[in-house]
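To start, the structure itself, in structure tokens.
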Amino acid sequence: MLATIGARSIDELFDEIPPELRAPPLADTLPALNEMEITRLMRDRAGRDGSWLSFLGAGAYEHHIPAAVWQIVTRGEFYSAYTPYQPEASQGTLQLLYEYQTMMTSLTGLAVTNASLYEGASALAEAMLMAVRAHRSARRIVVPRAVHPAWRRVARTIVRNQGIELLEAAYDRETGQTTPAALEAAARGGDIAAAVVPQANFFGVLEPVDELTDWAQARGAHVIALANPVAMALLKPPGEWGSKGADIAVGDGQPLGAPLAGGGPYFGFMACRKDLVRQMPGRIVGATTDGEGRPGFVLTLQAREQHIRRSKATSNICTNQGLLVAAATVHMALLGPEGLARVARACHANTLDLVSRLTALAGVRRAFSGTFFHETVLRLPRPAAPVLRALKAQGILGGLDLAGDYPELGHALLVCATETKDAGDLARYAEQLARILRKGTRRSTRASRSR
Amino acid sequence: MTTPKELKYTKSHEWVKAEPDGTVTVGITFHAQEQLGDVVFIQPPEVGRRLKQGDECAVIESVKAAADLYAPVSGEVVAVNQEVSDKPERVNQDPYAAWMFRLKPSAPAELETLLDAAGYEKVAAEDKH
Chain A
0 MLATIGARSI DELFDEIPPE LRAPPLADTL PALNEMEITR LMRDRAGRDG SWLSFLGAGA
60 YEHHIPAAVW QIVTRGEFYS AYTPYQPEAS QGTLQLLYEY QTMMTSLTGL AVTNASLYEG
120 ASALAEAMLM AVRAHRSARR IVVPRAVHPA WRRVARTIVR NQGIELLEAA YDRETGQTTP
180 AALEAAARGG DIAAAVVPQA NFFGVLEPVD ELTDWAQARG AHVIALANPV AMALLKPPGE
240 WGSKGADIAV GDGQPLGAPL AGGGPYFGFM ACRKDLVRQM PGRIVGATTD GEGRPGFVLT
300 LQAREQHIRR SKATSNICTN QGLLVAAATV HMALLGPEGL ARVARACHAN TLDLVSRLTA
360 LAGVRRAFSG TFFHETVLRL PRPAAPVLRA LKAQGILGGL DLAGDYPELG HALLVCATET
420 KDAGDLARYA EQLARILRKG TRRSTRASRS R
Chain B
0 MTTPKELKYT KSHEWVKAEP DGTVTVGITF HAQEQLGDVV FIQPPEVGRR LKQGDECAVI
60 ESVKAAADLY APVSGEVVAV NQEVSDKPER VNQDPYAAWM FRLKPSAPAE LETLLDAAGY
120 EKVAAEDKH
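Going down the list, the sequences are from chains A and B. Start counting the first sequence at 0; every next residue gets the next number (numbering that gives the first Met the number 0). Start counting the second sequence at 0; every next residue gets the next number (numbering that gives the first Met the number 0).
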């Protein structure tokens with residue numbers, strides 16, 4: 000090919016770029032490998048993947064994905080399809096997105112959805128930007144401390160440069176909930192554009208969403224619901240919160256058919272009230288009829304997107320998580336609303352069971368009295384980090400150590416039991432934790448002697 | 000291309016009509032609506048808002064574009080044409096009857112800085128590509 004175009008090497012094609020602007024070769028990368036060599040390399044690396052009995056939640060959850068989901072979604076038509084830029088020619092893709100949007104409006108109880116965003120944390124940031132645009136005067140947003148710490152950091156990174164101030168609201172140390180009084184204290188008497196209301200919050204605790212929604216709307220602020228999509232199959236959806244319903248709902252769609260993988264890719268969902276739709280970022284699929292009256296699908300409201308509106312666009316996003324959304328749509332279609340509600344109930348029941356087994360152990364207590372969905376915080380008699388290491392040596396991922404992000408909670412561990420666990424799994428965790436907590440002192444003495 | 004001689008115009012394709020009561024009504028020209036295509040949405044300025052000449056004050060959206068409208072003169076927004084906001088296609092059907100908002104000018108001398116019909120026709124001719 001190089002000969003055909005009269006170039007001597009690939010590098011020659013980049014001649015126009017001044018040498019001082021060229022990046023050096025990446026450090027630590029291997030030279031090119033052929034298919035056999037790369038297969039060996041990948042097999043070797045895959046062999047080092049662990050296989051854990053996992054009680055780790057904290058934003059990404061292990062759920063059973065019916066085999067049919069990825070069988071369908073790995074079909075070439077779904078798997079290799081990119082974001083259509085001549086969208087009307089991709090009616091199949093648009094139909095799937097339309098079905099996805101329809102399911103998400105049903106799940107959130109809100110009027111319109113977009114075709115997805117990158118993932119939950121940036122979806123939260125987009126919701127904040129949207130609320131500020133829609134509010135038109137205030138640029139302050141109240142965010143509970145009980146919202147996922149990584150998501151709060153991502154949101155701050157994204158909105159900070161637009162002069163938007165995030166105000167942290169405290170959680171109740173006894174219940175783990177966020178109260179209207181806490182939101183009010185955070186707002187410090189000034190105008191706010193929005194309040195973020197999680198359900199469930201990062202501690203797994205169920206928030207008093209009706210009171211929080213009514214408080215925010217009485218203050219003239221928009222309510223950004225930050226919801227777990229599986230929980231919404233069982234609990235009151237954001238569109239029904241308070242007397243008027245939440246204004247915007249976002250979250251991470253990973254629990255709907257995306258494997259945990261290496262932490263991604265997942266997808267962010269966003270839904271809103273009908274009158275806010277023009278402020279909503281992302282692609283939106285609409286149903287319409289063509290010139291001959293035949294039904295079809297289009298990408299609509301595109302004038303708000305960056306390829307048309309440029310610097311005044313609602314966002315610079317011009318794509319969506321097509322493959323993950325396809326998986327979520329098939330997953331939701333297979334489970335249906337009843338199936339998803341059953342999954343939610345099974346998660347809740349398993350976590351209740353796990354908690355009762357673990358709190359039967361000496362020194363292990365629930366940190367909060369509030370009702371939880373499918374994860375909760377436990378207080379241990381000792382720092383969580385060495386306990387988790389010892390559990391890992393037994394093939395168990397015991398949960399998330401909260402010492403880094405919530406030092407005020409002491410020796411705290413966030414544990415989660417989804418529907419994928421059975422009684423044997425819960426028993427095994429309890430047994431191992433009991434053993435580790437009993438033997439803890441002796442083990443550390445032995446280790447120091449052997450050095 | 001029609002350019003009513005009794006109206007004034009801006010380089011940004013707004014027309015301005017001096018009303019008998021001293022206010023001015025504002026809309027977009029035939030050329031502008033032709034370039035935009037089918038208008039689907041109008042976001043007018045809020046009544047009561049004070050504008051300076053040249054301020055971005057409204058957005059008009061068509062199937063293929065979203066364009067800003069600029070205040071042709073400084074003043075206070077005293078009315079918005081709800082009928083046109085509700086039926087944006089009126090802008091395509093009769094652009095010079097479809098006024099979008101009404102201003103009470105705070106500096107009437109600014110009206111003299113606007114283009115007349117001939118001046119606007121030159122601008123529009125250059126704009127066509």
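Glycine is no exception: its CB is placed at the ideal position from the N, C-alpha and C atoms.
Asked                                                                                                                                                                                          : Found
Ignoring anything shorter than 4 residues or poking outside the stretch 303 to 354 of chain A, list the alpha helix (DSSP H) runs there in chain order.                                        : 305 to 308
Which class does PRO18 of chain A belong to by DSSP, given the choice of helix, strand or coil?                                                                                                : helix
Kindly list the residues whose CB is nearer than 6 Å to the CB of THR444 of chain A, restricted to its own chain and excluding five residues on each side of it in sequence; keep chain order. : With a pLDDT of 46 at THR444 of chain A, under the threshold of 50, the modelled position of this residue cannot be trusted; read the value that follows with caution. No residues qualify anywhere along the chain.
Whole-angstrom Cβ separation of ALA124 of chain B and THR2 of chain B, contact assumed at under 8 Å?                                                                                           : Contact doesn't hold; Cβ gap of about 11 Å is too wide.
Hey, quick one: how far does the beta strand (DSSP E) through ALA168 of chain A stretch, first residue to last?                                                                                : 164 to 168
Count Cβ pairs between the stretch 160 to 174 of chain A and the stretch 137 to 149 of chain A that sit closer than 8 Å; are there 3 or more?                                                  : yes
Could you round the C-beta distance between ASN220 of chain A and ALA192 of chain A to whole angstroms and report it? I think they count as a contact, below 8 Å.                              : The question names Asn, yet the displayed sequence has Ala at residue 220 of chain A. Confirmed, about 6 Å.
CB-CB under 6 Å to ASP190 of chain A, same chain, minus the five flanking residues each way: which ones, in chain order?                                                                       : ALA137
Relative to chain B, which residues along the stretch 304 to 321 of chain A have a C-beta separation below 8 Å, given in chain order?                                                          : ILE307, ARG308, LYS311
Using 7 Å as the threshold, is the C-beta distance between ASP37 of chain B and SER11 of chain B below it?                                                                                     : no
With distances taken from CA atoms, which of A:LEU357, A:PRO86, A:ALA215 is nearest ILE435 of chain A?                                                                                         : A:LEU357
Under 9 Å Cβ-Cβ, which residues of chain A neighbour LYS63 of chain B?                                                                                                                         : GLN301, ALA302, ILE307
Which residues in chain B sit within 9 Å of VAL282 of chain A, going by Cβ to Cβ distance?                                                                                                     : Checking the sequence shown, residue 282 of chain A turns out to be Arg, not Val. By Cβ distance, chain B contributes nothing, its closest Cβ being about 15 Å from ARG282 of chain A, past 9 Å.
Measure the C-alpha to C-alpha separation of VAL204 of chain A and ASN80 of chain B and round it to an integer number of angstroms.                                                            : 49 Å
Whole-angstrom Cβ separation of ALA97 of chain B and GLY26 of chain B, contact assumed at under 8 Å?                                                                                           : 6 Å
What's the gap between the Cα of GLN278 of chain A and the Cα of ASP246 of chain A?                                                                                                            : 12 Å
Classify GLN198 of chain A as helix, strand or coil using the three-state DSSP reduction.                                                                                                      : strand
Quick one: residues in its chain with C-beta nearer than 6 Å to the C-beta of TRP14 of chain B, no 5 flanking neighbours on either side, listed in chain order?                                : LEU6, TYR8, GLY26, THR28
With 16 other CB atoms within 10 Å as the buried threshold, where does ASN200 of chain A fall?                                                                                                 : buried
State yes or no: is the beta carbon of GLU13 of chain B nearer than 7 Å to at least one beta carbon in chain A?                                                                                : no
Got a sec, what are the start and stop residues for the alpha helix (DSSP H) SER84 of chain B sits in?                                                                                         : 81 to 85
Could you list the residues in the stretch 39 to 54 of chain B with a C-beta less than 9 Å from some C-beta on chain A, going in chain order?                                                  : VAL39, PHE40, GLN42, GLU45
Can a CB atom of chain A be found closer than 7 Å to the CB of GLU60 of chain B?                                                                                                               : yes
Please identify the residue among A:GLY394, A:VAL354, A:PRO382, A:ALA392 whose C-alpha is closest to the C-alpha of ALA416 of chain A.                                                         : A:VAL354
Of the choices A:GLN90, A:ILE395, A:ARG282, A:ALA110, whose alpha-carbon is the least far from that of ARG293 of chain A?                                                                      : A:GLN90
Going by the beta-carbon positions, is the gap between PHE268 of chain A and LEU93 of chain A smaller than 7 Å?                                                                                : no
Output the distance between the C-alpha atoms of ASP10 of chain A and ARG74 of chain A, rounded to the nearest integer angstrom.                                                               : 36 Å
Alpha carbon to alpha carbon, how far is ASN160 of chain A from GLU55 of chain B? Give it in angstroms, no decimals.                                                                           : 22 Å
When the Cβ atoms of the stretch 15 to 28 of chain A are set against those of the stretch 359 to 371 of chain A, are three or more pairs found closer than 8 Å?                                : no
Which residues in the same chain have their Cβ closer than 7 Å to the Cβ of PRO87 of chain B, if we skip the five residues on either side of it in sequence?                                   : VAL38, VAL39, PHE40, ILE41
If you run the structure through DSSP and keep just helix, strand and coil, what is SER105 of chain A?                                                                                         : helix
Run through DSSP, which three-state label would VAL131 of chain B get?                                                                                                                         : Since the first residue of chain B shown is 0 and the last is 128, residue 131 of chain B is not available in this structure.
Is the separation between the beta-carbon of THR178 of chain A and that of GLU206 of chain A shorter than 7 Å?                                                                                 : no
Tell me the rounded alpha-carbon separation between PRO94 of chain B and ASP274 of chain A.                                                                                                    : 26 Å
Just the C-alpha distance for ASP421 of chain A and GLU430 of chain A, rounded to the nearest angstrom, thanks.                                                                                : 14 Å
Candidates A:GLY335, A:PHE372, A:VAL208, A:ALA327: which alpha carbon is nearest ALA345 of chain A's?                                                                                          : A:PHE372
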